[in-house]
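As numbered in the working numbering, residues 189 to 273 make up the sequence shown, in order. Below: the structure, in structure tokens.
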Amino acid sequence: MAAVTTEDGRREEVQDGESIKDACEKLGVPFGCSEGICGACEIEVVEGFENLSDKTQNEEDMGLEENRRLACQCKIKQGEIKIRF
């Protein structure tokens, strides 16, 4: 079982290989289109970046910094990530 945590210690579990979108919504990350176009769900990965899937083409097209991801686009492979939004 994988997990997404915030800097203040809130935590949501997800299945290995699943999208982090639902967990991030529960943690309060704002969402707009959920299709990787609007950028509303941009998060900073503070820890565990290596536990996430590769960036999608939409994320690459937005030119996000290495530690920035769109919560609607990435999946957690395993382990835990800590985010800031």
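All residues carry an ideal CB built from backbone N, CA and C; glycine is no exception.
Residues near residue i by beta carbon distance below 8 Å, same chain, minus five either side
i	result
E235	E268, I269 and K270
For residue i: DSSP bridge partner residues
i	result
V233	I271
K263	S207
A190	V202
Residue i - DSSP class collapsed to helix/strand/coil
i	result
L252	coil
E247	helix
E200	strand
Close-in-space but distant-in-sequence residues of the same chain around residue i (CB under 7 Å, 5 per side omitted)
i	result
A228	P218, F219 and G220
I225	N246
CB contact flag (residue i, residue j, <7 Å)
i	j	result
V233	A211	no
Between the stretch 193–204 and the stretch 245–257, are three or more C-beta pairs nearer than 8 Å? Judged by Cβ distances under 8 Å, the stretch 193–204 makes no contact with the stretch 245–257, as fewer than three pairs qualify.
Can you confirm whether the stretch 202–222 touches the stretch 257–266 when touching is taken to mean that 3 or more C-beta pairs between the two stretches lie within less than 8 Å? With three or more CB-CB distances shorter than 8 Å, the stretch 257–266 counts as touching the stretch 202–222.
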